[in-house]
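In what follows, a single structure is set out as structure tokens and then discussed.
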Amino acid sequence: MAIESINPATGALIRSFPALTDEAIQQRLALAAEAFAAYRRVPLAHRTLCMRKLAAILDQEVDDLAALITTEMGKPIKAARAEIAKCAAVCRYYADHAALMLAPEVIATPQNHSYVRWEPLGPVLAVMPWNFPFWQVFRFLAPALMAGNVGVLKHAPNVPQCALAIESLVRRAGFPRGTLQAMLVEVPQVEGILSDKRIVAVTVTGSPQAGKAVGALASWLIKKSVLELGGSDPFVVMGSADIKLAAETAVQARCINSGQSCIAAKRFIVVDEVYEEFTARFVDGMESIRVGDPMQEATDLGPLATAGILAGVESQVKAAVDAGARLLTGGAKMLGKGNYFEPTVLADVPRTASVFREEIFGPVAMLFRVKNMDEAIALANDTPFGLGASVWTREAMEQQRLIAELECGMVYVNSMVVSDPALPFGGIKRSGYGRELSAAGMREFLNAKTVVISESSLDIPEADTSVVPYEPFKPEDFDDADF
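Here the sequence shown is numbered in our numbering, starting from 15 and rising by one per residue.
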């Protein structure tokens, strides 16, 4: 696959890049190993200063970086700025809280001293997607670098300029040379990189197919892996829900990033008693979405990232209609040139349709009608995916049952699924394994070294608790960022 920037709004080629040679790859892997040997000994206080500097640079250059995102993958400019702001926020979060996350964990045992010591693993390969070309990288980068690891970034082939910009940002923030390297390589070259003994672990955000391939190789090599893959998240609406708010949020949850988000709501499951009202409001909201030039502030929904993605969404919608689904609105390419697709609502998609068990990576919603909570839960769980779920009810008993019985990694009650640096992010089933963000995400790539010292007066290191209190994020703080 070619490594090139193509403006998805116009189809114009911006720039193409040659893939690294095998010799260049070996040089960069050697640098990663050398960098880790030194960087793991860099005091946490210095790492913290660099991470704060990185956040400051992101703040200062938000407009230029946002424009880069928009021209490479089509995200509306206001959402691109929000993505950069969220990257700065995650840098500050880990700068503030890494000391506590990395502090030795004292455990009471019959021995005099027993504790868990957290140590970095080494160079980690990060295989990242195009849909949030900065945020997906930064939610790995910030905890990994604060923990003392170094990163080797294999970004998606359609966002090479974003990849190179991230490497430059890290270096300019004061992190040592080789701490994060962007490798512009083709897919067949990934196997050799992961197989290299200097790479100790891998994290993948992408499709289930990509996750299977990389996860299988990592398992065979006995290397740690974290997989954050696709999702077909349910959005369950019960009779007691605030229907107006639920419908408004449903539009946002489905159309975020032009529908190209793993945690976007994709299957809308509504009980009989409120189905008609919800459907009317939801369809009206989808038809009100402003589609257009992603560089314009008024645009809500830009083009899909590539012509291939557009063709795939068109094919999925056609397959659903051919199988018996009802098209309530949208369903076609729009605006001439560029990869634009209408906000679309499909109703009554039969279980026999291929899309019933697929992820649709575009602004296409599947709407289902159910009689009661039993049917809602059964339908919500009838998917190979298990990333997130949004449930809408004001009844406490219904909330508790939905929380307990939905098969997923995250449940949000009366709000859309969002990512927050303080909370573990990830799924189950074909949505992957392992977690990103929070202390759990940082510790995915740490060695939990058990230390037992008998009859010793050796002091156990204490945590540096001089951290800034954390204020939870709110969706409105970041507009259309990847929540």
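Don't be surprised by glycine CBs; every beta carbon is placed ideally from N, CA and C.
Residue i, DSSP secondary structure in three states
i       : result
Met-348 : strand
Leu-318 : coil
Ala-26  : coil
Asp-247 : strand
Pro-134 : strand
Ser-480 : Bear in mind that a pLDDT of 43 at Ser-480, under 50, signals an unreliable position, so the model cannot answer this.
Ala-462 : strand
Ala-255 : coil
Asn-21  : coil
Val-432 : coil
Arg-106 : helix
Val-151 : helix
Gln-310 : coil
Leu-114 : helix
Met-456 : helix
Val-141 : strand
Ile-98  : helix
Leu-451 : coil
Asp-494 : With a pLDDT of only 45 at Asp-494, under the threshold of 50, the placement of this residue in the model should not be trusted; the figure read from the coordinates follows. Correct three-state label for Asp-494: coil.
Val-166 : strand
Leu-10  : The structure shown does not extend to residue 10, since the chain is modelled only from 15 through 497, so no value can be given for it.
Ala-196 : strand
Phe-439 : strand
Phe-50  : helix
Minimum Cβ-Cβ distance from residue i to chain B less than 7 Å
i       : result
Leu-460 : No chain B is present in this structure, which holds just one protein chain.
Alpha-carbon to alpha-carbon, residue j and residue i
i       : j       : result
Ala-187 : Ala-367 : 50 Å
Met-380 : Gln-414 : 25 Å
Ala-140 : Phe-189 : 18 Å
Lys-280 : Tyr-426 : 15 Å
Ser-452 : Leu-116 : 12 Å
Glu-490 : Leu-235 : Confidence at Glu-490 is low in this model, with a pLDDT of 46, below 50, so its placement is unreliable and the value that follows should be read with caution. In a straight line, the C-alpha of Glu-490 is about 43 Å away from that of Leu-235.
Val-297 : Gly-345 : 13 Å
Pro-134 : Phe-459 : 7 Å
Ala-321 : Ala-109 : 39 Å
Ala-224 : Lys-237 : 16 Å
Ala-394 : Phe-375 : 18 Å
Pro-137 : Leu-360 : 45 Å
Glu-287 : Ala-390 : 13 Å
Arg-365 : Ser-433 : 30 Å
Leu-315 : Arg-371 : 25 Å
Ser-246 : His-111 : 32 Å
Glu-181 : Ala-196 : 6 Å
Leu-243 : Gly-165 : 20 Å
Thr-219 : Ala-319 : 16 Å
Arg-457 : Lys-385 : 43 Å
Ala-418 : Gly-206 : 42 Å
Sheet register partners of residue i (DSSP bridge)
i       : result
Met-424 : Gly-402
Ala-127 : According to the sequence displayed, residue 127 carries His and not Ala. Its beta-bridge partners are Ile-467.
Lys-238 : Ala-215
Phe-382 : Ile-283
Arg-444 : Paired residue(s): none; Arg-444 is not in a bridge.
Val-327 : Its beta-bridge partners do not exist; DSSP assigns none.
Glu-119 : Val-130
Phe-355 : Lys-347
Element boundaries [beta strand (DSSP E), containing residue i]
i       : result
Ser-182 : Per DSSP, Ser-182 belongs to no beta strand (DSSP E); it is in the alpha helix (DSSP H), 174 to 186.
Val-201 : Here Val-201 belongs to no beta strand (DSSP E); instead the alpha helix (DSSP H) covers 201 to 209.
Phe-292 : Run containing Phe-292: none in the beta strand (DSSP E); it sits in the alpha helix (DSSP H), 286 to 301.
Ala-361 : 358 to 361
Bounding residues of the alpha helix (DSSP H) (the contiguous stretch that carries residue i)
i       : result
Val-214 : Taken as a continuous stretch (DSSP letters only), Val-214 belongs to no alpha helix (DSSP H), as it is neither H nor E.
Ile-270 : Counting along the chain, Ile-270 falls outside any alpha helix (DSSP H), and DSSP gives it neither H nor E.
Thr-35  : From DSSP, Thr-35 is part of no alpha helix (DSSP H); its letter is neither H nor E.
Glu-419 : 410 to 419
Met-387 : 387 to 395
Ala-367 : Neither: Ala-367 is in no alpha helix (DSSP H) and is coded neither H nor E.
Lys-89  : Segment: none, Lys-89 is in no alpha helix (DSSP H) and carries neither H nor E.
Cys-64  : 58 to 74
Under 7 Å between C-beta atoms of residue i and residue j
i       : j       : result
Thr-193 : Ala-49  : yes
Trp-406 : Ala-255 : yes
Ser-468 : Asn-126 : yes
Pro-435 : Ala-454 : no
Val-228 : Met-252 : no
Gln-175 : Leu-34  : no
Phe-152 : Val-104 : yes
Arg-212 : Ala-51  : no
Trp-144 : Met-65  : no
Arg-268 : Ala-261 : no
Pro-171 : Ile-17  : yes
Lys-443 : Phe-382 : no
Heavy atom of the ligand HEM within 6 Å of residue i beta-carbon
i       : result
Glu-262 : Inclusion of the ligand HEM in the displayed structure is not the case, the ligand content being empty and no account of it being possible.
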